[in-house]
Amino acid sequence: MTHPTGRPDAAAPATALRAPAPGWATEADVVVVGSGVAGLTVALRCAAAGAKVTVVTKARLDDGSTRWAQGGIAAALGEGDTPEQHLDDTLVAGAGLCDERAVRTLVTEGPDAVRRLIATGARFDADDGTGEILLTREGGHHRRRIAHAGGDATGAEISRALVEAVRTAGIDTVENALVLDLLKDGSGRAAGVTLHVMGEGQRDGVGAVRAGAVVLATGGMGQIFSATTNPAVSTGDGVALALRAGAEVSDLEFVQFHPTVLWLGPEAEGQQPLVSEAVRGEGGHLVDADGVRFMQGRHELAELAPRDIVAKGITRRMRERGAEHMYLDARHFGARMWERRFPTILAACRAHGIDPVTEPIPVAPAAHYASGGVRTDLRGRTTVPGLYACGEVACTGVHGANRLASNSLLEGLVFAERIAEDITAAEGPARPAATAEQPYTGAPGEAPLLASEARYEIQHIMTHGAGVLRSAESLARAADRLESVHDAAAAQLRRDGKTAEPGVETWEATNLHLVARVLVAAALRREETRGCHWREDRPARDDAAWRRHLLVTLRPDGALDVRSTDSEAFPPPTTPRTETESRP
Numbered sequence: 000m001t002h003p004t005g006r007p008d009a010a011a012p013a014t015a016l017r018a019p020a021p022g023w024a025t026e027a028d029v030v031v032v033g034s035g036v037a038g039l040t041v042a043l044r045c046a047a048a049g050a051k052v053t054v055v056t057k058a059r060l061d062d063g064s065t066r067w068a069q070g071g072i073a074a075a076l077g078e079g080d081t082p083e084q085h086l087d088d089t090l091v092a093g094a095g096l097c098d099e100r101a102v103r104t105l106v107t108e109g110p111d112a113v114r115r116l117i118a119t120g121a122r123f124d125a126d127d128g129t130g131e132i133l134l135t136r137e138g139g140h141h142r143r144r145i146a147h148a149g150g151d152a153t154g155a156e157i158s159r160a161l162v163e164a165v166r167t168a169g170i171d172t173v174e175n176a177l178v179l180d181l182l183k184d185g186s187g188r189a190a191g192v193t194l195h196v197m198g199e200g201q202r203d204g205v206g207a208v209r210a211g212a213v214v215l216a217t218g219g220m221g222q223i224f225s226a227t228t229n230p231a232v233s234t235g236d237g238v239a240l241a242l243r244a245g246a247e248v249s250d251l252e253f254v255q256f257h258p259t260v261l262w263l264g265p266e267a268e269g270q271q272p273l274v275s276e277a278v279r280g281e282g283g284h285l286v287d288a289d290g291v292r293f294m295q296g297r298h299e300l301a302e303l304a305p306r307d308i309v310a311k312g313i314t315r316r317m318r319e320r321g322a323e324h325m326y327l328d329a330r331h332f333g334a335r336m337w338e339r340r341f342p343t344i345l346a347a348c349r350a351h352g353i354d355p356v357t358e359p360i361p362v363a364p365a366a367h368y369a370s371g372g373v374r375t376d377l378r379g380r381t382t383v384p385g386l387y388a389c390g391e392v393a394c395t396g397v398h399g400a401n402r403l404a405s406n407s408l409l410e411g412l413v414f415a416e417r418i419a420e421d422i423t424a425a426e427g428p429a430r431p432a433a434t435a436e437q438p439y440t441g442a443p444g445e446a447p448l449l450a451s452e453a454r455y456e457i458q459h460i461m462t463h464g465a466g467v468l469r470s471a472e473s474l475a476r477a478a479d480r481l482e483s484v485h486d487a488a489a490a491q492l493r494r495d496g497k498t499a500e501p502g503v504e505t506w507e508a509t510n511l512h513l514v515a516r517v518l519v520a521a522a523l524r525r526e527e528t529r530g531c532h533w534r535e536d537r538p539a540r541d542d543a544a545w546r547r548h549l550l551v552t553l554r555p556d557g558a559l560d561v562r563s564t565d566s567e568a569f570p571p572p573t574t575p576r577t578e579t580e581s582r583p
């Protein structure tokens with residue numbers, strides 16, 4: 000591919016989604032894609048430093064993954080607790096794959112970041128007498144260090160406070176907008192994004208936001224599975240965009256399945272109600288149909304073991320008993336505690352005909368959180384200059400093979416502040432001038448768009464082939480079936496010159512397919528069990544061979560390059576690539 004000026008284009012995206020040419024454009028210093036705790040924190044900090052910021056969000060400003068977070072935000076705020084203890088718990092949960100530098104950054108900068116969040120307007124539950132923040136425990140934590148709000152509505156309160164602050168600051172926002180692809184300038188640096196706005200007026204249809212810095216804060220990819228706690232908008236758009244732009248992603252095989260998701264029946268699909276880990280933190284017990292507490296003896300923390308251990312314990316007990324779910328019993332809380340501490344969960348259960356005050360809650364694991372994502376350094380910088388990532392879409396090295404409960408909101412907060420500092424430091428990002436060369440995405444490649452119904456086929460493939468329990472056989476079958484989904488669309492394109500019509504549902508299905516391919520390729524390559532990656536055919540953890548990360552990039556021809564690092568620490572983003580293995 001050649002740049003319009005005639006210069007060779009060595010940094011063009013591997014491909015781009017098929018879409019109409021942008022019909023409108025706007026400019027900013029920084030464009031932030033996503034409106035959760037990570038994205039809005041970046042926006043507020045950059046705007047406070049004088050940058051012109053545009054926030055692009057897929058639904059409403061307050062409708063991202065953050066608002067669904069129930070448990071809370073972890074930080075060493077309590078008496079006797081220290082960042083060092085928080086670091087130790089995080090490293091244990093990460094099963095040997097945390098980048099210790101990233102974790103140390105998280106736990107040492109975390110307490111002050113939470114205090115700044117409070118100064119922004121977030122109100123956490125506090126003792127009526129002393130005013131001290133109330134702290135609770137969750138799985139994997141040896142201390143009470145989880146701050147919560149509204150009992151079990153922490154994410155909703157954080158979202159409320161940040162959205163209010165963004166609106167007060169007058170930051171430009173574009174709602175109901177699906178980001179499509181990265182714009183780059185002639186040197187290969189990020190120069191904005193293309194997006195599709197589902198609205199009316201001047202910003203309608205496909206357009207572009209040109210900016211000197213692009214921050215991905217798009218959340219997770221839970222919708223690649225049939226059952227998930229993630230909202231419908233979590234279709235891996237940020238990871239897919241980054242791959243098409245030539246960025247590295249890492250650790251996508253480590254998808255955390257939340258152990259206790261309200262079981263709504265074998266045919267239930269899409270977003271499922273979460274039953275927060277905090278219920279177990281306050282003394283709820285996991286039991287089978289006979290009332291036996293099966294987690295006792297499996298781990299020193301029993302129900303409060305790290306999430307991968309609890310999810311495995313539940314799944315194993317389900318297999319032993321031939322059951323579709325287990326139970327979470329917290330009847331001993333009584334009505335008053337349920338109403339005060341867990342009003343959201345109580346309402347969700349009752350809406351589905353279950354009363355936790357008088358009966359155990361049926362629960363089963365469901366896809367919850369992606370520990371991997373777009374690889375970054377400690378400043379949130381990806382391997383593409385000018386492109387940053389933070390929150391669930393990013394892989395900072397903090398979570399390793401299994402995220403410690405309630406570290407996600409903290410990671411988004413801490414690394415968002417670091418990104419804003421990096422962007423606004425010194426001369427800051429180069430804002431594209433009106434007379435500058437137009438950025439480009441490169442022509443769309445030969446890859447077809449997938450029909451909207453492919454979404455459900457992808458979810459079925461991933462649930463049965465790459466869920467809580469995996470094996471070489473199930474993963475190879477998933478890889479073949481994913482390839483067949485693509486091949487059928489590609490054959491139609493070759494035969495009839497037609498592909499699915501560009502639109503939100505076909506773009507989402509195509510993004511889900513790409514992210515699913517990467518997850519399966521990495522899970523096949525990692526021949527061990529570690530953290531939330533559980534290979535039945537490789538049940539042992541193998542530190543000698545696999546205490547390292549897998550890095551994946553997308554080639555221009557659509558094949559995946561899968562490589563491994565030399566250790567659990569990430570190399571700098573500029574490190575030359577070696578040990579390349581290609582897998583279509």
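All letters in the sequence shown, in the order written, are residues 0 to 583 by numbering that gives the first Met the number 0.
Beta carbons are placed, not taken as given, at the ideal position from N, Cα and C, and that holds for glycine.
Please read all numbers here as calculations on a predicted model, not as lab measurements.
Go through its chain and collect everything with a Cβ distance to residue i's Cβ below 6 Å, but skip five positions before and after it.
i	result
F569	D98 and G396
P503	In the sequence under discussion, the amino acid at residue 503 is Val, which differs from the Pro named in the question. Counting only Cβ-Cβ distances below 6 Å, and skipping sequence neighbours, we find L177.
A471	D536
G283	L327 and A329
Whose CA, out of the options, lies closest to the CA of residue i?
i	options	result
G220	A20, V36, L412 and S370	Correcting the residue type first, residue 220 is Met in the shown sequence and not Gly. Among A20, V36, L412 and S370, the Cα nearest to that of M220 is on S370.
A190	L492, Y387 and S407	Y387
I360	R349, Y368 and A366	R349
H257	Q270, A101, E247 and G379	Q270
E507	T423, A216 and D236	D236
H311	P272, A363, A419 and A50	This sequence places Lys at residue 311; His is not what is there. The shortest Cα separation from K311 among P272, A363, A419 and A50 belongs to A363.
T234	E323, P305, F293 and V392	V392
R402	A304, I313 and T375	A304
H459	L448, A478 and Y368	A478
Here's the rule: buried if 16 or more other CB atoms are within 10 angstroms of the residue's CB, otherwise exposed. What is residue i?
i	result
T434	The predicted model places T434 with a pLDDT of 32, which falls under 50 and marks its position as unreliable; any figure quoted below should be read in that light. It counts as exposed.
V291	exposed
P538	exposed
E266	exposed
A18	buried
D289	exposed
L207	What sits at residue 207 in the sequence shown is Ala, not Leu. Result: buried.
H331	exposed
D250	buried
Y455	exposed
Q295	exposed
G57	It should be pointed out that residue 57 corresponds to Lys in this sequence rather than to Gly. K57 should be labelled buried.
E252	buried
K183	buried
P230	buried
E156	buried
With DSSP collapsed to three states, give me the class of residue i.
i	result
I460	helix
F256	strand
G271	The question names Gly, but residue 271 in the sequence shown is Gln. DSSP places Q271 in coil when its eight states are reduced to three.
E580	Its pLDDT being 36, under 50, E580 is placed unreliably in this model, and the coordinates cannot settle the point.
R380	strand
G466	coil
Q360	According to the sequence shown, residue 360 is Ile rather than Gln. I360: strand per DSSP, three-state reduction.
V503	helix
P575	With a pLDDT of 36 at P575, under the threshold of 50, the modelled position of this residue cannot be trusted, and the question is left open.
H284	strand
M325	strand
H195	strand
For my contact list, residue i and residue j are in at a C-beta cut-off of 8 Å; report their separation, rounded to the angstrom.
i	j	result
V52	V32	No, V52 and V32 are not in contact; Cβ-Cβ is about 12 Å, not under 8 Å.
S451	T505	6 Å
N406	T81	Contact doesn't hold; Cβ gap of about 16 Å is too wide.
V260	V278	At roughly 12 Å, the Cβ-Cβ gap does not stay under 8 Å, so V260 and V278 are not in contact.
A365	T153	That belief does not hold up - the Cβ atoms of A365 and T153 are roughly 20 Å apart, past 8 Å.
R529	A94	5 Å
V196	N175	6 Å
Note down, in chain order, each residue of its chain lying with its Cβ closer than 7 Å to the Cβ of residue i, except the 5 sequence neighbours on either side.
i	result
I170	A42, A46, V52 and V54
P575	Low per-residue confidence applies at P575: pLDDT is 36, beneath 50, and the placement is therefore not dependable, though the value from the model is reported in the following sentence. Contacts found: none.
A101	L377, T395, G396 and V397
E319	none
A246	V373, T381, T382, V383 and L386
Beta-carbon within less than 8 Å of residue i's beta-carbon, same chain only, minus the 5 sequence neighbours each way: which residues are those?
i	result
V113	I72, A74, L76, A146, L409 and L412
A475	L523
A9	Because A9 sits at a pLDDT of 31, beneath the cut-off of 50, its placement in the model cannot be relied upon, and the following sentence gives the value as read from the coordinates. Closer than 8 Å at the Cβ level, and outside the excluded window around A9, lie G187.
L133	F123, D124, A125, D126, A146 and H147
Q84	A75, H141 and R142
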